[in-house]
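In this note's numbering, the protein residues as written are 11 to 318. Positions of the beta carbon are idealized from the N, C-alpha and C atoms, including for glycine. Read through the structure below, which is laid out as structure tokens, and then see the notes.
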Amino acid sequence: MFLALLLVSLGMTPRAGAVEDDGLIAHQIVYEGLARQYFVHAPQAYDPGRPTAVVILFHQDGASGPEIAELSQLNRVADKNGFLAVYPDSVKGAWNDGRRMNRGYQFDDVGFIDRLIRDLHLKWNADPARIYAAGFDGGGFFCQYLALKLPGRLAAVSSVAATLPELIYHKMQLRKPTPVFYILGMDDRAVPFKEPEKKKGSKQPRERLLTASAAVDFWLRGNRCSPRAEQGMLADIDETDGTRVRWLRYAVCSKGSEVLLYGIEGGGHTWPGGYKQSGKLGHTCMDIDGAEEIWKFFARHKLEDSRL
11 MFLALLLVSL GMTPRAGAVE DDGLIAHQIV YEGLARQYFV HAPQAYDPGR PTAVVILFHQ
71 DGASGPEIAE LSQLNRVADK NGFLAVYPDS VKGAWNDGRR MNRGYQFDDV GFIDRLIRDL
131 HLKWNADPAR IYAAGFDGGG FFCQYLALKL PGRLAAVSSV AATLPELIYH KMQLRKPTPV
191 FYILGMDDRA VPFKEPEKKK GSKQPRERLL TASAAVDFWL RGNRCSPRAE QGMLADIDET
251 DGTRVRWLRY AVCSKGSEVL LYGIEGGGHT WPGGYKQSGK LGHTCMDIDG AEEIWKFFAR
311 HKLEDSRL
């Protein structure tokens with residue numbers, strides 16, 4: 011009910027068939043002739059007269075906006091910290107991250123998100139200096155691609171369970187400093203944290219993914235960071251989850267940027283602190299709340315010369 015009243019106060023009426031479920035309200039943008047959907051969660055403290063920070067969270071392959079909202083529990087963090095949480099849907103369950111190898115490659119997802127950001131500014135008074143993007147699995151690859159394709163639009167990005175495709179590493183470069191935060195399982199079988207051992211007779215995968223260190227190196231060079239890093243280990247809050255969190259931070263970078271890595275010992279292809287994850291994906295770290303950690307990182311950064 012609160013969100014419906016909020017829309018009225020903004021001079022908007024919910025579209026026909028609008029969904030208000032679990033604190034989410036659905037919107038549509040017609041882009042490339044397709045009705046593209048995204049979901050917004052507004053915190054109780056939301057003031058339409060004041061520019062508000064936005065976290066856009068991209069779902070994993072084969073999922074949807076509401077599903078990543080449930081998995082990540084980002085709405086709870088948005089309520090606590092007063093930002094808008096936004097969950098777009100891809101087409102056919104996959105994001106076009108520049109590799110032309112999945113079922114979403116023929117759709118202009120970068121253009122769609124560019125339009126979505128403008129939509130958020132007009133309808134929700136999104137602060138252009140505090141637009142952040144995060145993603146899990148395929149959404150993690152996409153949010154990094156988005157930072158490369160839309161320089162100066164995102165204040166920071168965070169990738170969970172996704173490093174960087176080798177193709178992007180060699181073909182693209184960062185045009186404006188962008189803080190990046192990786193959260194990676196060190197026992198992730200889908201996205202290897204380090205170079206896997208080569209077995210006799212094994213074939214090279216069609217599209218290689220970078221190791222954690224190579225992905226971090228890409229952003230260090232792009233952000234012109236000092237090679238000196240801080241490092242440590244977080245407290246083992248849950249001794250039963252089979253994981254520990256190591257961190258590595260490069261804090262001296264161009265224009266106040268930074269690169270941060272959480273390497274989760276024993277962690278699988280999972281969202282830390284996430285809800286209802288299959289044991290087949292490996293251990294889920296419960297020592298940290300992924301959504302909380304991502305927001306703490308984002309809150310340290312804003313654009314100095316934001317534009318729409």
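query, result
"Pull up the distance between the alpha-carbon of Gln-214 and that of Leu-158, whole angstroms please.", "Its pLDDT being 45, under 50, Gln-214 is placed unreliably by the model, and the measurement read from it follows with that caveat. Their Cα atoms are separated by approximately 27 Å."
"Could you name the residues of the same chain whose beta carbon sits closer than 8 Å to that of Leu-94, not counting the 5 residues immediately before and after it, in chain order?", "Val-50, His-51, Ala-52, Pro-53, Tyr-56, Thr-62, Ala-63, Val-64, Val-65, Ala-88, Leu-130, Trp-134 and Ala-136"
"What does the alpha-carbon distance come out to for the pair Lys-90 and Glu-303?", "13 Å"
"How many Å lie between Ser-212 and Pro-206 at the Cα?", "Confidence in Ser-212 is poor, its pLDDT being 43 and thus under 50, which makes the residue's placement unreliable; the coordinate value appears in the next sentence. Their backbone Cα atoms lie some 11 Å apart in a straight line."
"Have a look at the DSSP bridge pairing and note the partners of Val-190.", "Val-167 and Val-269"
"Would you identify the three-state DSSP class for Lys-213, choosing helix, strand or coil?", "The pLDDT assigned to Lys-213 is 46, lower than 50, so where the model puts this residue is not dependable, and the model offers no usable value."
"Which same chain residues, not among the five before or five after Gly-162, have their C-beta less than 6 Å away from its C-beta?", "Lys-186"
"Please classify Glu-249 as buried or exposed, where buried requires at least 16 other C-beta atoms within 10 Å of its C-beta.", "exposed"
"Using the three-state DSSP reduction, which class does Ile-298 fall into: helix, strand or coil?", "coil"
"Leaving out five residues on either side along the sequence, give the residues of the same chain with a beta carbon under 6 Å from the beta carbon of Asp-315.", "none"
"Which residues does DSSP list as the beta-bridge partners of Ile-39?", "Arg-46"
"Just how far apart, CA to CA, sit His-69 and Thr-280?", "12 Å"
"Only counting the same chain, and skipping five residues up and downstream in sequence, which positions put a Cβ closer than 8 Å to that of Gly-278?", "Gly-195, Asp-197, Asp-198, Arg-199, Leu-291, Gly-292, His-293 and Thr-294"
"So, at 7 Å on beta carbons, what are the nonlocal neighbours of Lys-181 in its own chain, with the 5 sequence-adjacent residues on each side left out?", "none"
"Using three-state DSSP, classify Asp-246 as helix, strand or coil.", "coil"
"Give the range of the beta strand (DSSP E) segment to which Trp-281 is assigned.", "Premise fails: Trp-281 is in no beta strand (DSSP E) and is neither H nor E."
"Please look up how many angstroms separate the CB atoms of Leu-34 and Ala-144, rounded, as I've assumed it's under 8 Å.", "No, Leu-34 and Ala-144 are not in contact; Cβ-Cβ is about 17 Å, not under 8 Å."
"Is it the case that the Cβ atoms of Tyr-113 and Ala-104 are separated by a distance below 8 Å?", "The sequence shown places Arg at residue 113, rather than the Tyr named in the question. Yes, they are a contact pair."
"Can you give the Cα-Cα distance for Ala-245 and Gly-283, rounded to whole angstroms?", "14 Å"
"Between Thr-173 and Leu-220, is the Cβ-Cβ spacing less than 8 Å?", "yes"
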